[in-house]
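Worksheet: one structure, shown below.
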Amino acid sequence: MMNTRLKLSSLWLSLWILIAQQQQVQSFSAINQDGVIINRQTALKYIVASPIIWSQASQIAQAKVSIKPDAAFQSLIAARQELNTASKYLSTKDYEGLKDYLSDPSLNINNYEENAGVLLASKQLDAESKKEIGTIRRYGVGADVIIMFGSVKSELEEEDANFGTVSKSLKRCMDALDEVIAICKSNGF
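Sequence positions in the sequence shown follow mature numbering (1 follows the signal peptide of the UniProt record, and there is no 0) and run -27 to -1, 1 to 162.
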């Protein structure tokens, strides 16, 4: 959509320049769709400004889509409940059910990195808490959540999965997520 607008804007600019060059006239004017006479200078201002206006509108639209920190925190709480549900599959030794359950993209735990990123970018967490949580690049308990959850999922993909490893990784993931939640709660979430 944006490329189409830029191409149209570029096309209009080229057209205006071509007409002006052919006519060799500085006072070139045209009539727009509303019947208003527009001189060359005004038309060029509109054409040059239109990509800026469109890019500003798209940035505003992107800001409306972003996740709010409180919603991201609630997603972490829901992710913790999802891990509790996942541990019930282990107690019944329903490993295929666990694999299917964790592969659901709508689970909050599958969106942990995005939600943690929103929390780390928020102003509600202090600098020390942000360091404690960390990311996959900057080690902290948040990285533990990502690594341990990845370990659970990758072990379940194995043909001869070690379910002792799955159980340990799931427990460590829940413990790390509990710590992230506690840090967030200590900052007013």
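From the three backbone atoms N, C-alpha and C, an ideal C-beta is built for every residue, glycine too.
Query, Result
"How many angstroms separate the CA atom of Phe46 from the CA atom of Leu92?", "7 Å"
"By a C-beta neighbour count over all protein chains shown, 10 Å radius and 16 as the cutoff for buried, is Lys103 buried or exposed?", "buried"
"Would you mind working out which of Leu49, Pro42, Ser60, Ser39 sits nearest residue 175, comparing C-alpha positions?", "This structure does not reach residue 175, given that the chain is present from -27 up to 162, and the question cannot be answered."
"At a cut-off of 8 Å, would you count Asp151 as near the ligand FAD, judging by its Cβ distance to the nearest heavy atom?", "By its list of ligands, the structure shown contains no ligand whatsoever, and the ligand FAD lies outside what it can speak to."
"To the nearest angstrom, report how far apart Tyr112 and Glu86 are at their CA atoms.", "13 Å"
"Could you tell me whether the region 52 to 67 touches the region 132 to 145, where touching means 3 or more Cβ pairs closer than 8 Å?", "yes"
"Are the CB atoms of Met121 and Ala149 nearer to each other than 9 Å?", "yes"
"Do you know how far the Cα of Leu80 is from the Cα of Leu98?", "24 Å"
"Skipping 5 residues on each side, what residues in its chain have a beta carbon closer than 7 Å to that of Arg110?", "none"
"Who are the Cβ neighbours of Gly70 in its own chain at under 7 Å, not counting the five residues just before and after it?", "Tyr62"
"Rounded C-beta distance between Val153 and Ile119? I'm assuming under 8 Å.", "No, Val153 and Ile119 are not in contact; Cβ-Cβ is about 11 Å, not under 8 Å."
"To which residues of the same chain is Cys157 closer than 6 Å at the C-beta, ignoring the five residues directly before and after it?", "Phe46"
"So what does DSSP say about Gly70, is it helix, strand or coil?", "helix"
"Have a look at Ala44 and Gly161 and give me their C-alpha separation to the nearest angstrom.", "14 Å"
"Which residues mark the beginning and the end of the alpha helix (DSSP H) in which Glu128 is found?", "114 to 130"
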